[in-house]
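Right, one structure below, let's go through it.
2 protein chains.
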Amino acid sequence: MEKSKIEFDIAGVERETGIGKDTLRVWEKRYGFPVPERDEREERLYPQEQVERLRLIKRLLDSGMRPLKIVGLEVPELNGLLRKLPDDTAQQSADLSGYINLIKSHQASALRVALSRALLKQGMEEFLSKTISPLNRLVGEAWMRGELRVFEEHLYSEQITQVLRDAITSLHHPSDTPRVLMTTLPGEEHTLGLLMAEATLGLCGANCIMLGIQTPIQEIVLAALAHQVDIVVLSFSSAIPVLQVKSSLKLARDALPKKVSLWAGGAGVARLRNVEGVRLMGPLADLALGIEEWRKEHVN
Amino acid sequence: MEKSKIEFDIAGVERETGIGKDTLRVWEKRYGFPVPERDEREERLYPQEQVERLRLIKRLLDSGMRPLKIVGLEVPELNGLLRKLPDDTAQQSADLSGYINLIKSHQASALRVALSRALLKQGMEEFLSKTISPLNRLVGEAWMRGELRVFEEHLYSEQITQVLRDAITSLHHPSDTPRVLMTTLPGEEHTLGLLMAEATLGLCGANCIMLGIQTPIQEIVLAALAHQVDIVVLSFSSAIPVLQVKSSLKLARDALPKKVSLWAGGAGVARLRNVEGVRLMGPLADLALGIEEWRKEHVN
DNA sequence: TCCATATATTTGTCCTAGACATAATTGACA
DNA sequence: TGTCAATTATGTCTAGGACAAATATATGGA
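Chains as they are written, first to last, in my numbering: chain A, 215 to 514; chain B, 215 to 514.
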């Protein structure tokens with residue numbers, strides 16, 4: 215059997231690249247790329263190479279470049295631009311580059327062991343702030359530059375997840391206050407930020423109720439009532455468009471009872487100014503601070 | 215401040231309900247529902263009630279009903295239909311209803327404890343086949359009928375995940391063969407099936423490399439090469455359209471080297487007939503069988 | 001009466017082409 | 001050099017039409 219050519223329909227390209235169908239069509243008209251083949255029904259068929267090129271473009275867009283400048287560039291030029299993206303690896307303490315090397319050489323279990331060891335040595339708080347957070351940023355940047363493949367990033371996330379989940383299980387104090395509901399809104403699929411938040415809150419002795427990702431807004435409200443929580447924590451990664459974050463947060467705030475606090479954290483909120491009635495969290499330490507303040511206000 | 219009306223734009227409705235924008239527009243024309251309000255720009259604004267109603271419709275659709283019969287029905291009628299959906303609870307051994315009750319009363323930690331206990335008592339294999347699998351089906355059906363809210367289902371998934379992950383960590387034998395890469399394709403977001411598969415394969419002493427969910431096809435190929443795996447396992451939940459499963463599987467098979475086996479499992483493949491070069495797995499036990507056969511063929 | 005095959009209907013997703021608010025960039029001016 | 005206004009770029013929405021694949025219904029034969 216001859217190896218048939220690998221081609222994606224427009225829905226497949228949207229899934230694989232994260233670029234919407236409308237956007238793909240309008241790029242074709244405006245920038246002359248991608249220009250897919252057509253099947254007998256005149257429907258677009260994107261060959262593998264174009265999808266690969268779109269992935270490079272998506273990365274550059276996510277790191278702040280503008281379509282006009284880069285959609286239409288050939289693969290070598292795109293790679294050239296990717297290499298020029300900022301690289302903090304040098305500034306960072308050398309110990310982090312050890313992790314990066316483990317990721318690049320696909321040594322999953324060694325990576326997991328190294329992370330567990332660091333956790334034991336540093337303690338959770340320092341582990342999160344000095345190791346995981348900067349490592350996340352490093353990995354994110356390396357991925358942007360194309361030094362890490364998607365599958366390597368996936369493997370990395372999986373190991374962090376395992377280490378953190380393990381640690382979190384060991385610090386459960388189910389009866390404490392405040393009661394905190396944790397989840398993300400539909401569209402936000404990243405678990406890592408949520409897990410880091412859970413670890414931080416767990417340390418403070420908060421009673422975390424983890425709902426996982428992508429809970430519809432109205433379900434968050436119902437869950438908040440059913441579990442009688444004091445605080446709802448939503449996590450946003452930097453992958454989500456700011457616009458979407460803002461409007462979703464407003465909807466959530468309106469839908470939740472006033473007495474329930476709404477906190478938003480993660481890299482995705484750094485770009486936000488201010489949202490009425492929502493507490494925006496910067497670094498993880500803000501969460502601990504928030505819990506402290508909440509306790510002061512509820513001493514009765 | 216007056217509580218402003220909660221309304222979603224068409225993209226928000228797509229995220230919240232999983233119904234595509236094109237579909238929403240064409241339903242409006244064909245069935246007269248949903249008919250959203252419009253903003254000053256003539257863009258659709260869906261009020262909360264319509265979104266809620268769409269969620270009910272989506273559930274009925276997912277359980278096999280046809281749009282013509284149900285899009286356009288009012289909420290009470292929809293609920294009536296939901297209640298008529300099949301209910302296996304009665305047939306199942308009574309012990310499972312205990313779990314359901316824990317879910318409905320939102321006792322997360324009690325549920326987790328009960329599950330861990332069952333795992334210890336039954337052993338992994340029986341735990342998966344006699345408890346988790348039927349429980350998943352029960353929960354799925356109860357959710358379809360509207361007896362469980364989304365957030366309750368989320369909470370349930372989270373507890374299962376924790377119990378399974380805990381168990382999996384304890385059975386790592388990293389140097390064994392065959393080497394198995396595990397992930398889902400873009401569009402498939404369900405982790406549970408993947409975790410259950412990992413537990414089963416881990417029991418057989420296979421060397422599982424877990425990539426998490428939603429790995430682009432080309433990345434799967436790269437990962438398979440980098441990790442020199444013998445088998446790639448993809449998991450499909452019943453939430454994914456059959457059409458999408460079939461075309462994705464074909465693409466993946468074409469993209470992977472011939473010497474790498476491709477296995478597909480999960481509720482989503484039950485509806486498939488046959489895909490060239492792909493081994494379709496029914497129950498979890500098939501995986502164990504597959505590993506056994508693989509070992510027989512590779513005794514050199 | 002039951003099953004297989006042919007015909008009709010239903011349904012999701014794709015198409016083109018155009019519009020416009022918001023974000024980012026450029027230019028003018030202090 | 002910094003600030004504000006004008007301009008351009010960009011994603012996402014609109015409408016209305018088309019069609020293949022999936023499903024339902026009718027038909028014929030054992």
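Yeah, the Cβ is synthetic: ideal placement off N, Cα and C, and Gly gets one too.
At a cut-off of 9 Å between beta-carbon atoms, Gly354/B makes no contact with chain A. In chain order, Pro248 and Pro250 place their CB closer than 7 Å to the CB of Gln264/A, counting only its own chain and leaving out the 5 sequence neighbours on each side. In this structure, DSSP gives Leu476/A an extended state, which the three-state scheme calls strand. Counting every other CB atom within 10 Å of its CB across the protein chains shown gives Glu433/B a total of 16 or more, marking it as buried. The shortest C-alpha to C-alpha distance from Ser462/A to any of Ile445/A, Pro392/A and Val483/A is the one to Val483/A. Asp223/A has a beta carbon lying within less than 9 Å of a beta carbon in chain B. For the pair Met410/B and Ile505/B, the CB atoms are not nearer than the 9 Å cut-off.
For a cut-off of 8 Å, the C-beta gap from Leu395/A to Ala437/A is around 6 Å, short enough to register as a contact.
Look at Glu402/A here: in three-state DSSP terms it is coil, with no helix or strand label.
Bridge pairing for Cys422/A: Val394/A [DSSP]. Membership of Ser277/A in any alpha helix (DSSP H) is not indicated, and neither H nor E is assigned to it by DSSP. About 11 Å separates the Cβ atoms of Arg467/A and Trp477/A, ruling out a contact at the 8 Å cut-off. Val377/B: member of the alpha helix (DSSP H) spanning Val364 to Thr383, first to last residue. Arg258/A is outside the set of residues whose beta carbon lies under 9 Å from a beta carbon in chain B. Between Val289/A and Trp241/A, the beta carbon gap of about 16 Å keeps them out of contact (Cβ cut-off 8 Å).
Per the DSSP secondary-structure output, Pro261/A pairs in a beta bridge with Glu221/A. In this chain, the beta strand (DSSP E) harbouring Leu494/A covers Val492 to Leu494. DSSP places Ile445/B inside the beta strand (DSSP E), whose first and last residues are Ile445 to Ser449.
Ala440/A is the residue among Pro497/A, Ala502/A, Lys460/A and Ala440/A whose C-alpha sits nearest the C-alpha of Val474/A.
Around the C-beta of Leu417/A, 16 or more other C-beta atoms lie within 10 Å, and the residue is accordingly described as buried.
Cβ proximity to chain B below 8 Å picks out Ile423, Met424, Leu425, Gly426, Gln428, Thr429, Pro430, Ile431, Gln432, Glu433, Ile434, Leu436, Ala437 and Ala440 from the region 422 to 440 of chain A. Shown here for Leu369/B: same chain residues with a beta carbon closer than 6 Å to its own, the five before and five after excluded, namely Ala322 in chain order. With a cutoff of 9 Å on beta-carbon distance, Leu238/B and Ile224/B are scored as near each other. For Glu242/A, the uninterrupted alpha helix (DSSP H) segment begins and ends at Lys235 to Tyr245. Going by beta carbons, Gly480/A and Arg229/B fall outside the 9 Å limit. His387/A sits exposed, since fewer than 16 C-beta atoms from the chains shown fall within 10 Å of its C-beta. No Cβ of chain B is located within less than 9 Å of the beta carbon of His512/A. Taking 9 Å as the cut-off, the Cβ atoms of Gln373/A and Leu406/A do not count as close.
In chain order, Pro392, Asp444, Ile445 and Ser475 place their CB closer than 8 Å to the CB of Trp508/B, counting only its own chain and leaving out the 5 sequence neighbours on each side. Under DSSP, Arg252/A forms a beta bridge with Arg258/A. Around Pro497/B, the same chain offers Ser343 and Ser347 as residues with beta carbons nearer than 8 Å, after the five sequence neighbours per side are excluded. Here the C-alpha atom of Lys272/B lies approximately 22 Å from the C-alpha atom of Gly226/A. Residue-level contact by beta carbon holds for Leu465/A and chain B, with a gap shorter than 9 Å.
When the five nearest sequence neighbours on each side are left out, the beta carbons in the same chain lying within less than 7 Å of the beta carbon of Tyr313/B are those of Leu325, Ala328 and Leu349, in order along the chain. Scanning Lys464/A, Tyr245/A, Asn421/A and Ala332/A for the CA closest to the CA of Leu399/A turns up Lys464/A. Listed along chain B is no residue with a C-beta nearer than 9 Å to that of Arg331/A; the closest approach is about 15 Å.
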